[in-house]
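First the structure, in the form of structure tokens, and then the observations on it.
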Amino acid sequence: MTTDPGPTPTIVLVGHGMVGQRFLEALAERGLTATHRVVVLCEEPRPAYDRVQLTSYFSGRTPEDLSMTDPAFIAEHGIELRVGDPAVTVDRDARTVTARSGLVVGYDVLVLATGSYPFVPPVPGKDAEGCFVYRTIEDLLAIEAYAKTATTGAVVGGGLLGLEAAGALKGLGLTSHIVEFAPRLMPVQVDEGGGAALLRTIEDMGLSVHTGVGTQEIVVDDASGAVTGMKLSDGSELATDLVVFSAGVRPRDQLARDCGLAVGERGGISVDEQCRTVTDERVFAIGECALAADGRVYGLVAPGYEQAETAAATIASDEASFTGADLSTKLKLLGVDVASFGDAHGTAENCLDVVYSDSRAGLYKKLVIGRDGTLLGGILVGDAEAYGTLRAFTGSVPPVSPESLVLPAGSGAPAQLGPSALPDDAVICSCHNVTKGTIRGAVTEHSCTTVPEVKKCTKAGTGCGSCVKVLGQLVTAELEASGVEVDKGLCGCFAQTREELYEIVLALRITSYWELLDRHGREDARGGDGCEVCKPAVGSIIASLAPSIGASGYVLDGEQAALQDTNDHFLANLQKNGSYSVVPRIPGGEIAPEKLIVIGEIARDFGLYTKITGGQRIDMFGARVEQLPVIWARLVDAGFESGHAYGKSLRTVKSCVGQTWCRYGVQDSVRMAIDLELRYRGLRSPHKLKSAVSGCARECAEAQSKDFGVIATSNGWNLYVGGNGGATPRHADLLAQDLSDAELVRLIDRFLMFYIRTADKLERTSTWLERVPGGLDHVRDVVVHDSLGICDELESLMRAHVSHYRDEWAETINDPEKLARFVSFVNAPDTPDPVVGFVPERDQIKPDLPLLDIGLRRPSRDDLLEGSTRR
Amino acid sequence: MTLAPETTDLKVLLRLTDDWFTACDLGALLPGRGVAALLPDGGQVALFRDRGGELYAIDNRDPFTGAAVLSRGLTGTHRGRPFVASPLLKQRFDLATGVCLDDEAVRVATYEVKAA
Ligand code: SRM
Ligand SMILES: Cc1cc2nc3c(=O)[nH]c(=O)nc-3n(C[C@H](O)[C@H](O)[C@H](O)COP(=O)(O)OP(=O)(O)OC[C@H]3O[C@@H](n4cnc5c(N)ncnc54)[C@H](O)[C@@H]3O)c2cc1C
Ligand code: SF4
Ligand code: FES
Numbered sequence: 001m002t003t004d005p006g007p008t009p010t011i012v013l014v015g016h017g018m019v020g021q022r023f024l025e026a027l028a029e030r031g032l033t034a035t036h037r038v039v040v041l042c043e044e045p046r047p048a049y050d051r052v053q054l055t056s057y058f059s060g061r062t063p064e065d066l067s068m069t070d071p072a073f074i075a076e077h078g079i080e081l082r083v084g085d086p087a088v089t090v091d092r093d094a095r096t097v098t099a100r101s102g103l104v105v106g107y108d109v110l111v112l113a114t115g116s117y118p119f120v121p122p123v124p125g126k127d128a129e130g131c132f133v134y135r136t137i138e139d140l141l142a143i144e145a146y147a148k149t150a151t152t153g154a155v156v157g158g159g160l161l162g163l164e165a166a167g168a169l170k171g172l173g174l175t176s177h178i179v180e181f182a183p184r185l186m187p188v189q190v191d192e193g194g195g196a197a198l199l200r201t202i203e204d205m206g207l208s209v210h211t212g213v214g215t216q217e218i219v220v221d222d223a224s225g226a227v228t229g230m231k232l233s234d235g236s237e238l239a240t241d242l243v244v245f246s247a248g249v250r251p252r253d254q255l256a257r258d259c260g261l262a263v264g265e266r267g268g269i270s271v272d273e274q275c276r277t278v279t280d281e282r283v284f285a286i287g288e289c290a291l292a293a294d295g296r297v298y299g300l301v302a303p304g305y306e307q308a309e310t311a312a313a314t315i316a317s318d319e320a321s322f323t324g325a326d327l328s329t330k331l332k333l334l335g336v337d338v339a340s341f342g343d344a345h346g347t348a349e350n351c352l353d354v355v356y357s358d359s360r361a362g363l364y365k366k367l368v369i370g371r372d373g374t375l376l377g378g379i380l381v382g383d384a385e386a387y388g389t390l391r392a393f394t395g396s397v398p399p400v401s402p403e404s405l406v407l408p409a410g411s412g413a414p415a416q417l418g419p420s421a422l423p424d425d426a427v428i429c430s431c432h433n434v435t436k437g438t439i440r441g442a443v444t445e446h447s448c449t450t451v452p453e454v455k456k457c458t459k460a461g462t463g464c465g466s467c468v469k470v471l472g473q474l475v476t477a478e479l480e481a482s483g484v485e486v487d488k489g490l491c492g493c494f495a496q497t498r499e500e501l502y503e504i505v506l507a508l509r510i511t512s513y514w515e516l517l518d519r520h521g522r523e524d525a526r527g528g529d530g531c532e533v534c535k536p537a538v539g540s541i542i543a544s545l546a547p548s549i550g551a552s553g554y555v556l557d558g559e560q561a562a563l564q565d566t567n568d569h570f571l572a573n574l575q576k577n578g579s580y581s582v583v584p585r586i587p588g589g590e591i592a593p594e595k596l597i598v599i600g601e602i603a604r605d606f607g608l609y610t611k612i613t614g615g616q617r618i619d620m621f622g623a624r625v626e627q628l629p630v631i632w633a634r635l636v637d638a639g640f641e642s643g644h645a646y647g648k649s650l651r652t653v654k655s656c657v658g659q660t661w662c663r664y665g666v667q668d669s670v671r672m673a674i675d676l677e678l679r680y681r682g683l684r685s686p687h688k689l690k691s692a693v694s695g696c697a698r699e700c701a702e703a704q705s706k707d708f709g710v711i712a713t714s715n716g717w718n719l720y721v722g723g724n725g726g727a728t729p730r731h732a733d734l735l736a737q738d739l740s741d742a743e744l745v746r747l748i749d750r751f752l753m754f755y756i757r758t759a760d761k762l763e764r765t766s767t768w769l770e771r772v773p774g775g776l777d778h779v780r781d782v783v784v785h786d787s788l789g790i791c792d793e794l795e796s797l798m799r800a801h802v803s804h805y806r807d808e809w810a811e812t813i814n815d816p817e818k819l820a821r822f823v824s825f826v827n828a829p830d831t832p833d834p835v836v837g838f839v840p841e842r843d844q845i846k847p848d849l850p851l852l853d854i855g856l857r858r859p860s861r862d863d864l865l866e867g868s869t870r871r
Numbered sequence: 001m002t003l004a005p006e007t008t009d010l011k012v013l014l015r016l017t018d019d020w021f022t023a024c025d026l027g028a029l030l031p032g033r034g035v036a037a038l039l040p041d042g043g044q045v046a047l048f049r050d051r052g053g054e055l056y057a058i059d060n061r062d063p064f065t066g067a068a069v070l071s072r073g074l075t076g077t078h079r080g081r082p083f084v085a086s087p088l089l090k091q092r093f094d095l096a097t098g099v100c101l102d103d104e105a106v107r108v109a110t111y112e113v114k115a116a
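Chains as they are written, first to last, in our numbering: chain A, 1 to 871; chain B, 1 to 116.
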């Protein structure tokens, strides 16, 4: 039954999907169907149909409605379409394809358009009755039939297709769940903010969404062999009668592999810019099965169509090439508009985001803007009205401000705005009531080019200082928008970033700030005295690396003492009247009564104001500088050590009471919190580090608001990173799940050292995670998968820190020379500073600062609330 | 090794209205850090020594908060001028002239100072 390549050359197409059909149309348009014999092997029982619209089957479209194949077209062009007869083997030497029916077709040109298959994660029970995938009309018919006997359905995968499938299940009358391993829905298309808006809308539709959990097992009823539920990685179990896997697709390249065609590392038939396989010039691959010349496999239909055109043109000896495609998409999922276009995730260097989000209304809009104002891409969730215009502007500087394109008309200041999206009348500095417009004006009209200049010009940032970060972003954005090259250096003394200085200090083992300044500082800063910005930053770098570069691990040693901010210099927190506060470490918040009594006695004896802090420990305020050593001598004696409340270093590891007492606890969270606090105590970092450990998913320790937070699971620990309270709260992201104690500690070691190494000065892990290119995924690659090969080094740096830790206060009170510094007056060591005064309040004391309180508004008597304790 | 890099017995002297007042040993001044000294009239002075050995003396009182803390700030050089940044709200003060670099309307007193 062999058909020889006759006098007319033969084109064989394997796969009659969307791209295959487009290829046939392109052949016809070029007249190739007249000069060639065209044979199509089609695996499915029906010719090409509109897969993109698959779900519309559930809203009443029939398989016939979905068809993309006009029988007249096939007949007219003499195409031999063999439905339900897939290709089984290819013999490239003999140039033949064998179909399942036994038919052998000779070819001059072979085109593979075999598409993808749905990936099913290798979980136990995945083949049970009631498990489905979502790719073909046959899949839909099977789901529809099975759903008649079911009440609940679950979809594994919260991507684009997963959401469609979940919507379909809901349409079939099932209670529907979506289980997504990533921390958000549609992780590929949208970012975190977009995911949040989407989540809200989808939950409002009555679908249950479980993010950040994996599917571990499909639970099967032994008797019937049918699905009854699934086990999730957080230890919970979900009852369900039906499971649809929608965990991504993989290129169908088996046929190609079997005949020796080159395929990519992660699959896909390797082709060149003409869509010709790199292995064999007579074989082409197009659509989802092809690994394009730009190294990508495109999972969208538009790039596939372009490839179909390219292959047909090449066969006709026309010039054409496929060098890559735009991944822009606009979809309507479950009635929600979702669009992403251009560089949606902001991967270009130095790009900035303009974000508008209103999760209440399920709206999220993000634009990615280049440093010169070029619109690079964006994400729209909930309202994709502007998609067309925005896409059109991609690659150019839009004529109107990008903000105005995404902000709802006439709006005030919506929640969660990035600073560049704020309207001009938004107040940036609340201390001095300075608006964004005024700050921008300082740059554009008063030609300020630095933050200090803008501060001076507008007073913004000269109060509590909490707005300085936003101020810096605004000034930078404004300067960049006007085309000024912005100096990324740490300060006026160093042209390097903090990260670069870290690398210099580590590589050259520089233990002296002066040496670093004189050798690596800016020309005009060398030999000078540096400044208050770089001194503590470099001091912190040297302190974090001390054991590894051979510096003293004691921050008051030698020259290091001159680099420390006043708090670190006196190992206590300076208060507004010049007195200090004292915070002993209370690891995990666990404290025995005897120790509580000691704290009480000390506070009483020195007349200190005491307060329980937000970090599960006790702060004693109002100590004079000369009292600090005496207070600490008593604390150290009672077994306390420094709590580093003054340092940019580990603060507290909060804990909940956990398994030991709590009826819900699944692990000993207190023990873990204590272990972690003792491990990382004293670690100097770009900003303070906070942590917490919760004993179960109820999360009483608020671990998800911490730089690194740990939540117990029945199998171990989940590690969350990048959380923050403070001025710009951020929920932490899940980094890894179900870790053993050792795995947890190792990951945190790596994470912290990688952060310390690459963060900017005073950049919390939250802002760092948002800033580093690639974000969480990159950090996960580095610290979990060791993609940079630096994990050994990170771990050994941490080991060095841990093994060299010594309590700074114990060291200080045993060093008479250091103790000599703890005086108010160098020439009158016994005289207390007379400016430090106190007055009584609510049975304790408070600072008395009668004079000079300029600039700060004091409440008048009338402002006091009825019943206020101040009256 | 830190506090007394030199074994001289030089003193830091401060010019008050008509006399030189001995504030402390030169060795008590760590380059890049300050100390406070109590004046006979109960006032306070912040003394600094820069890397090059130059001495400076300004009023210790931070005019923005009223606290006597300028001696505890970090020092540096800005465009060739020596300064101290207040440890409370970080305003910079020119050590030679006492002028606040962030708000020229504000100034702290300065003193003539020498080592002898
Ligand atoms: C004492 C305490 C308030 C209290 O009475 O409870 C406190 C007091 C101060 N906080 Fe705080 N924070 C305290 C818990 C918190 C918390 C809650 C927590 O840790 O669970 C937060 C939000 C969580 C977070 O950090 O993500 C918090 C967010 C901040 C921030 C904003 C940080 C941010 O990333 O936005 C600052 C400003 C900064 O660090 O730049 C700050 C700064 C400060 C400073 C250091 C301001 C200063 O320079 O004087 C205060 C020092 C007081 C002192 O002298 O001891 N404090 N601060 C708490 C001490 C906890 C401890 O035991 O160490
Ligand atoms: C539910 C759903 C919604 C989608 N929504 C969108 C959307 O909104 N936008 C978008 O751009 N894309 C969407 N897609 C993706 C889009 O459908 C694909 O990108 C497109 O179908 C790819 O075309 P293709 O021809 O490469 O592969 P397919 O359409 O998969 O066709 C390949 C065909 O080859 C057949 N085949 C495989 N092996 C053999 C063999 N050995 N012999 C013979 N035949 C074989 C297969 O059976 C199949 O029929 C969606 C996909 C699904 C499933
Ligand atoms: S987080 Fe869980 S274990 Fe810990 S106290 Fe709360 S409920 Fe109990
Ligand atoms: S808000 Fe700007 S200084 Fe406080």
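The beta-carbon is built from N, C-alpha and C at its ideal position, and this holds for glycine as well.
Could you tell me whether any Cβ in chain B is nearer than 8 Å to the Cβ of A:Phe-873?
The structure shown does not extend to residue 873 of chain A, since chain A spans only 1 to 871, so no value can be given for it.
Any beta carbon of chain A sitting closer than 8 Å to that of B:Ala-115?
no
Give me the Cα-Cα distance between A:Ile-854 and A:Thr-435, rounded to the nearest whole angstrom.
Residue placement at A:Ile-854 is flagged as unreliable, the pLDDT there being 41, under the threshold of 50; a coordinate-derived value is accordingly withheld.
Check A:Pro-414 in the structure and name its three-state DSSP category.
Unreliable positioning characterises A:Pro-414 in this predicted model, as indicated by a pLDDT of 31, which lies under 50. The coordinate reading is nonetheless provided below. Coil.
Could you list which residues in chain A have their beta carbon closer than 8 Å to that of B:Asp-94, in chain order?
Simply none; closest approach about 13 Å.
If you drop the 5 nearest sequence neighbours on each side, which residues of the same chain put their C-beta closer than 7 Å to that of A:Gly-193?
Val-355, Ser-357, Tyr-364 and Lys-366
Taking three-plus beta-carbon pairs below 8 Å as touching, is the stretch 510-517 of chain A in contact with the stretch 544-557 of chain A?
yes
Under 7 Å Cβ to Cβ from A:Ala-481, same chain only, skipping five residues before and after it: list those, please.
Gly-373
Of all the alpha helix (DSSP H) runs that stay within the bounds of the stretch 653-680 of chain A, which reach a length of 4 or more residues?
Within the stretch 653-680 of chain A, the complete alpha helix (DSSP H) runs of at least 4 residues are 669-680.
Check whether the Cβ of A:Leu-885 lies closer than 7 Å to any heavy atom of ligand 2, and answer yes or no.
Chain A is shown from 1 up to 871; residue 885 of chain A falls before or after that span and cannot be answered.
Taking 7 Å as the limit between beta carbons, can you name the residues of its chain near A:Leu-794, skipping five residues before and five after?
Asp-749, Arg-750, Met-753 and Phe-754
Hey, how far is the Cα of A:Thr-323 from the Cα of A:Asp-294?
6 Å
Quick check: does the Cβ of A:Thr-310 come within less than 7 Å of any heavy atom belonging to ligand 2?
Every heavy atom of ligand 2 is 7 Å or more from the Cβ of A:Thr-310, so no.
From A:Ala-320 to A:Cys-275, what distance separates their C-alpha atoms?
10 Å
Which of the three DSSP states, helix, strand or coil, is assigned to A:Val-278?
coil
Closer than 9 Å between beta carbons: that is the criterion. Which residues of the stretch 82-108 of chain B meet it against chain A?
Residues of the stretch 82-108 of chain B whose Cβ lies closer than 9 Å to any Cβ of chain A, in chain order: Pro-82, Phe-83, Val-84, Ala-85, Pro-87, Leu-88, Leu-89, Lys-90, Gln-91, Arg-92, Leu-101, Asp-102, Asp-103, Glu-104 and Val-106.
Tell me the residue span of the beta strand (DSSP E) that contains A:His-210.
208-211
I want to verify the contact list: residues of chain B whose CB lies under 7 Å from the CB of A:Gly-578, in sequence order.
Those within 7 Å of A:Gly-578 in chain B are Ala-67, Ala-68 and Val-69.
Would you check if there are 3 or more beta carbon pairs closer than 8 Å linking the stretch 247-257 of chain A to the stretch 64-71 of chain A?
no
Cα-Cα, which of A:Arg-604, A:Thr-240, A:Val-538 and A:Ile-602 is closest to A:Ala-128?
A:Thr-240
From the DSSP output, in three-state form, read off A:Lys-455 for me.
Here A:Lys-455 sits in helix by DSSP.
Buried or exposed for A:His-644, please, with buried defined as at least 16 other CB atoms from any protein chain shown within 10 angstroms of its CB.
buried
If you measure from the beta carbon of A:Asn-433 to each beta carbon in chain B, is any gap under 8 Å?
no
Note down the Cα distance separating A:Gly-267 from A:Arg-252, rounded to an integer number of angstroms.
8 Å
How big is the Cα-Cα spacing for A:Leu-819 and A:Lys-488?
C-alpha of A:Leu-819 to C-alpha of A:Lys-488: approximately 39 Å in a straight line.
Would the stretch 233-250 of chain A and the stretch 711-722 of chain A be scored as touching if the rule is three or more Cβ pairs under 8 Å?
yes
Are any of the Cβ atoms in chain B nearer than 8 Å to that of A:Thr-211?
no
For a contact meaning CB atoms closer than 7 Å, what does A:Asn-827 contact in chain D?
No chain D appears in the structure shown, which is made up of the protein chains A and B.
What separation, rounded to the nearest whole angstrom, lies between the Cα atoms of A:Val-583 and A:Ala-572?
8 Å
Could you spell out the range, first to last residue, of the alpha helix (DSSP H) harbouring A:Cys-534?
First-last of the alpha helix (DSSP H) with A:Cys-534: 534-549.
Name, going along the chain, the residues of the stretch 45-59 of chain B whose beta-carbon falls closer than 9 Å to a beta-carbon of chain A.
Leu-47, Asp-50, Arg-51 and Gly-52
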